[in-house]
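Notes follow once the structure below has been shown.
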Amino acid sequence: HRQTSSNRALTFNSNLTLRNLLTRTKNPPKPENIPNAIYEIPCGDCPGTYCGQTRRPLHKRIAEHQSFTWRANNIPGEEFQFKSGVAYHALTTGHRIAFESTRILTSAKHPTKLDLLEHTAIKIRKPELNRMQPAPAIQKPWAIVLPDIEVAFRPRPAFPPSATELNRTHS
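Position in the sequence shown counted from 1, then plus 598, gives you the numbering used here.
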């Protein structure tokens, strides 16, 4: 247990045990197949980023962002840019979105935690491409633990892996 700034006990739990390490028979899923993820998409032409959540495998949500971006830039009169902050940024600035550098910030076993995690990611990382600023509201009791879950937002490797990462793993 650790005491938070509001004198509430915060418990950390790890499923990492010797038994789990020695009996793991499956390979972990590829990053693009991870569901229940909080992800970050960078702009290729400015330091701006977009943070979002998906309950589906990440590659499906990224494909939607790519489709909205392409449609917003190529089909006049349609309002695809309103379905994606990423598409809106690309359309209004002419910037290239670096979908290939998308990162998973964290994931959850249960989708019920995604709203809190997304809120925290937006509040901490302050992504410029998100059109809803500040972060969406959360229930007041959760606000107390926000500073304590910041560590969940260390970026994971981008997908698909870069050539450098592939060479490192196959060397």
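Yeah, the Cβ is synthetic: ideal placement off N, Cα and C, and Gly gets one too.
If you're wondering where the values come from, they're calculated on a predicted model, not measured in any experiment.
Q. If you count every other CB in all the chains shown that lies within 10 Å of the CB of R617, and 16 or more means buried, which is it?
A. exposed
Q. When the Cα of P709 is compared with those of K624, K628, N634 and P626, which residue comes out closest?
A. N634
Q) With contact counted as at least three CB pairs below 8 Å, one residue from each stretch, are the segment 623-633 and the segment 649-657 in contact? A) yes
Q | Spatial distance of L712 from T718 (CA atoms) | A | 10 Å
Q | Through-space distance from G675 to G642, alpha-carbon basis | A | 25 Å
Q.
Taking 7 Å as the limit between beta carbons, can you name the residues of its chain near Q664, skipping five residues before and five after?
A. F697
Q.
So for L703, helix, strand or coil by DSSP?
A. strand
**Q.** Those residues which DSSP pairs with P640 across a bridge
**A.** T647
Q.
So for T615, helix, strand or coil by DSSP?
A. coil
Q.
In the DSSP assignment, the alpha helix (DSSP H) including I660 goes from what residue to what residue?
A. L656 to N672
Q: Consult DSSP for I722 and reduce its assignment to one of helix, strand or coil.
A: helix
Q. Going straight from the alpha carbon of R694 to that of A670, what length do you get?
A. 13 Å
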